[in-house]
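Below you'll find the structure, written out as structure tokens, and then a few comments.
There are 2 protein chains.
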Amino acid sequence: MPLFMDIHHGVDGLTAQAVADAHEKDLAVQQKHGVKYLKYWFNEESGTVFCLSEAPSREAADAVHREAHGLAADEIIEVQEGR
Amino acid sequence: MPLFMDIHHGVDGLTAQAVADAHEKDLAVQQKHGVKYLKYWFNEESGTVFCLSEAPSREAADAVHREAHGLAADEIIEVQEGR
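For the record, the sequence lines run as chains A and B. For what it's worth, the working numbering labels the leading residue of the first sequence as 129, then goes sequentially. For what it's worth, the working numbering labels the leading residue of the second sequence as 129, then goes sequentially.
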């Protein structure tokens, strides 16, 4: 299944807890879209979040974020993982 | 040790082999800078690369790329990993 890295820039009021809560919401709805959110990394000061997911398409990965919490990513890039 | 995600945009002629070779060069010089490059993800069409590293500073992570192959990242963002 394709792998996607998405990037959220300048998320207002980002905290470790807020992003953990949003991630939980992703996990709760992802199965409906055939998506598996794998990991995420964030920076509280700049409000940046990177999410790595396995998804059938970019649209499916996007749909999970939109349905779960409404915070769509600014970019969603299909990637291969290096070995 | 702090964790950093860096992003390279629009790398010319990016292939899986080229990025694997560059990553090997990072691994060869990273110890001198106290850095550990952990993983990377890439997109051949857009020439995008994400590298995740543990480093004492942003400058140290940058120094590894500059010394190893000269392809400095466009952005280097300190991140925390989600749980």
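Ideal placement from N, C-alpha and C gives every residue a C-beta, glycine not left out. This structure is a prediction, so every number in the text was calculated from the model and none was measured.
At a CB-CB cut-off below 9 Å, which residues of chain B make contact with residue i?
i: A:S185; result: Result: empty, since nearest Cβ-Cβ is about 15 Å, beyond 9 Å.
Mind pulling the chain A residues with CB within less than 9 Å of residue i?
i: B:A146; result: Result: empty, since nearest Cβ-Cβ is about 11 Å, beyond 9 Å.
Which bits of chain A does residue i rub up against, with CB to CB less than 7 Å?
i: B:M129; result: Under the 7 Å cutoff, chain A gives no residues; its nearest Cβ is about 14 Å from B:M129.
Could you tell me which chain B residues have their CB closer than 8 Å to the CB of residue i, listed as they occur along the chain?
i: A:Q208; result: A144, W169, F170, N171, E172
Quickly, what does DSSP pair residue i with across the bridge? List them, please.
i: A:E195; result: Answer is none; A:E195 lacks a bridge partner.
i: B:V207; result: B:L131
i: A:V177; result: A:H136, A:F170
i: A:K164; result: A:E182
Interface residues of chain B around residue i at Cβ under 7 Å?
i: A:H151; result: G210
Note to self: Within 8 Å, do at least three Cβ pairs link the stretch 162-169 of chain B to the stretch 199-210 of chain B?
What the structure shows: no
Check: With a cut-off of 8 Å, do at least 3 Cβ pairs link the stretch 137-157 of chain B to the stretch 191-200 of chain A?
Finding: Contact fails between the stretch 137-157 of chain B and the stretch 191-200 of chain A, because fewer than three Cβ pairs, one in each stretch, are under 8 Å apart.
Notebook entry, point to check: Do the stretch 132-141 of chain A and the stretch 167-187 of chain A make contact, defined as three or more Cβ pairs closer than 8 Å?
Noted result: yes
Notebook entry, point to check: Got a sec: which bits of the stretch 193-206 of chain B sit with their beta carbon under 7 Å from any beta carbon on chain A, in order along the chain?
Noted result: I205, E206
Next item on the list: Give a yes or no on contact between the stretch 140-155 of chain B and the stretch 186-198 of chain B, applying the rule of three or more CB pairs nearer than 8 Å.
Entry: yes
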